[in-house]
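Worksheet: one structure, shown below.
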Amino acid sequence: MTKTVQLISGNCGRIMPDSVSDYLKVGGYEALRKAFSMTPEQIIDEVISAKLLGRGGAAYPAGSKWKQLLDVEHFPKYIVCNADEGEPGTFKDKLLLSQDPLRVIEGMTIAGYVFNSQDGYIYIRGEYREIQKVFQNAVDNAIKAGFLGDNIMGSGYSYTIHIMTGAGAYVCGENSALLNSIEGIVGRPRIKPPHLAEVGLYKMPTLVNNVETFANIPVIVLMGGEKFLGYGAEDCGGTKLVCLSGHAARRGVYEVPLGVSLRDIIYDPELGGGLKNNKALKFFHLGGQSGPCGFPDQLNTPYAYKALRTIGLSVGSGAVVVMDDSVCIIEYLKGVTEFFIHESCGKCTPCREGNSRLHEILTRFTEGSATEQDLALLKRLSKTMTTASFCGLGQAATTALESCLKHALPEFEAHLAGQCPAGVCFTKEKAGEKK
Ligand SMILES: Cc1cc2nc3c(=O)[nH]c(=O)nc-3n(C[C@H](O)[C@H](O)[C@H](O)COP(=O)(O)O)c2cc1C
Ligand code: SF4
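The sequence shown begins at 29 in this note's numbering and counts up one residue at a time.
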């Protein structure tokens, strides 16, 4: 199996990002032209047969989401592109937004045409200030060239894209909190149902998809769903942009066909290239802070949605944080918990209080004062947070911890016995000396 394919990242670094003429030279807007000759149902059928799963993290089938929205009879409908990219270790939307924004715009325009929407919104992470300018230029140039705005390509269809920005809250990446933020109200998640396909932006039926999801739409329209599926695995067509960071020798964004192995992603010389200084792999963290940690004995698993899910892992946002054996898993998990303490919006107790309590318990482990009861409490609290938190943030805050409790329990037990396998935490003796 080829280990790199460029279905959606091929233009990056090869064209002027905001230049419509450059984009046209590499086949840009051929998909939109073709889309105008198709019915909305035909386009959605291709997205369904492509088995495109949402690339923002939750992996919801894009075709089903589009079909649900099509079935809602209402005007207007809104198209929203989630470019909040708040998940730590994730920087692949940044690549597309900064180096091939017209592909994202074309994908959003095809979606707009499918739902006869007149307005699309893109919610760009606040920190991506320079990218916002590039994106705005791309929108302006597309309007000037007749690919956006009134009567696009003489089709009679008119559509505009508005750029909105966040102010740095991770929870605003959650689709309903994001819509609140666009509306100018506090960015907290909404109760669902009603689903966004019924009551979305400004209470209108709305489609929310990730940047990478939209970037795949022109490819699917042009090559057809069946062919797109052939690039990926049985349950999920196409490719995935993975973001390699941490102790990987070759950190960066790589486009891989879904189904390549985790080992290839981390060790192939064209991809991760192994670990820096040839150190041993201790674990890897998939899909950002909300995702699970994987371990060396899982490396032969295909990087595909179902295959990973079967062993308790997930693709998530596409982040792959590689950690060598100098890292203490419990210290690492403390860092994860600090992130969630900072990002919890405070609306519900299990998440607001739970993350702080988790941090206190983990600190007892790293200080050498934890007991067996602390281990039991960690497990219980983690379950409570997953089941009782209001939104995905609190529900997923303990995913990394759960995976480590399952696969790296000896590391916790070693700390109970006063030993840190990585040699970075206080031992019981040191904790005793402190008293
Ligand atoms: C706390 C939280 C943060 C999220 N952050 C993002 C984000 O930054 N970008 C994103 O595309 N999806 C994010 N999501 C997922 C969105 O809620 C939603 O599933 C996604 O935008 C749908 O697009 P997709 O189906 O194309 O993946 C987040 C979800 C949660 C619970
Ligand atoms: S789980 Fe609760 S406190 Fe945490 S971000 Fe969601 S709504 Fe806010």
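For glycine and all other residues, C-beta sits at the position ideal for the given N, C-alpha and C.
Because the structure is a prediction, the values reported are computed rather than measured.
In this structure, the C-beta of cysteine 419 approaches ligand 1 to less than 7 Å from one of its heavy atoms. At least one heavy atom of ligand 2 sits closer than 7 Å to the Cβ of valine 199.
By the C-beta criterion, the stretch 246 to 255 is judged not to be in contact with the stretch 282 to 298, since fewer than 3 inter-stretch pairs fall below 8 Å. When only Cα atoms are considered, alanine 243 and asparagine 110 end up about 12 Å apart.
Inclusion of glutamate 283 and valine 33 in the CB contact set at 8 Å is warranted, their separation being smaller than that value. As the crow flies, the alpha-carbon of lysine 53 is around 14 Å from that of alanine 170. For the pair valine 162 and leucine 176, the CB atoms are not nearer than the 8 Å cut-off. DSSP lists Tyr106, Thr188 as the beta-bridge partner residues of aspartate 147. With a threshold of 7 Å, the Cβ atom of serine 372 counts as near ligand 2, since some heavy atom of the ligand is closer than that. By the neighbour-count criterion, in which a residue is buried when 16 or more other Cβ atoms sit within 10 angstroms of its Cβ, glutamate 69 is exposed. A check of alpha carbon separations from alanine 78 across Tyr259, Lys362, Ser47, Ala197 identifies Tyr259 as the nearest.
When Asn383, Val355, Ser92 are compared, the shortest CA-CA separation from glutamate 74 is found for Ser92. Rounded to whole angstroms, the separation of the alpha carbons of isoleucine 357 and lysine 120 is 26 Å. Taking 7 Å as the cut-off, the C-beta of proline 116 does not count as close to any heavy atom of ligand 2. Burial state of isoleucine 248 is buried, judged by a 10 Å Cβ sphere holding 16 or more other Cβ atoms. For tyrosine 88, no beta strand (DSSP E) encloses it, and the DSSP letter there is neither H nor E.
Relative to ligand 2, cysteine 321 has its C-beta separated by 7 Å or more from all heavy atoms. Glutamine 96 and valine 355 have their C-alpha atoms roughly 45 Å apart. The beta carbon of alanine 197 sits closer than 6 Å to those of Gly215, all from its chain and outside the five residues before and after it, given in chain order. Serine 273 has Val349 as its beta-bridge partners, per DSSP.
Residue range 157 to 172 is occupied by the alpha helix (DSSP H) that includes lysine 172. For arginine 157 and proline 297, the gap between their C-alpha atoms comes out near 33 Å. In the displayed model, asparagine 305 falls within a helix according to three-state DSSP.
In the structure shown, lysine 268 falls within a strand segment according to DSSP collapsed to helix, strand and coil. Glycine 154 places its beta carbon less than 8 Å from that of threonine 193. Non-local beta-carbon contacts of tyrosine 88 in its own chain, meaning distances under 8 Å to residues more than five positions away in sequence, involve Leu81, Gly82 in chain order. In the three-state reduction of the DSSP assignment, threonine 234 falls in the strand class.
Within the stretch 188 to 227, complete alpha helix (DSSP H) segments of at least 4 residues are found at 203 to 211, given in chain order. Note: isoleucine 152 is bridge-paired with Ala111, Thr193 in the DSSP secondary-structure output.
Pairing tyrosine 331 with glycine 287 gives a Cβ-Cβ distance under 8 Å. The Cβ-Cβ distance between cysteine 40 and leucine 125 does not fall below 8 Å.
Residue pairing from DSSP places phenylalanine 312 in a beta bridge opposite Gly322, Val350. For the pair leucine 390 and threonine 427, the CB atoms are not nearer than the 8 Å cut-off. Look at the beta carbons and you see the stretch 313 to 326 touching the stretch 337 to 350: at least three pairs across the two are nearer than 8 Å. Secondary structure note for tyrosine 331: it is in no alpha helix (DSSP H), with a DSSP letter that is neither H nor E. Assigned with DSSP and collapsed to three states, serine 126 falls in helix.
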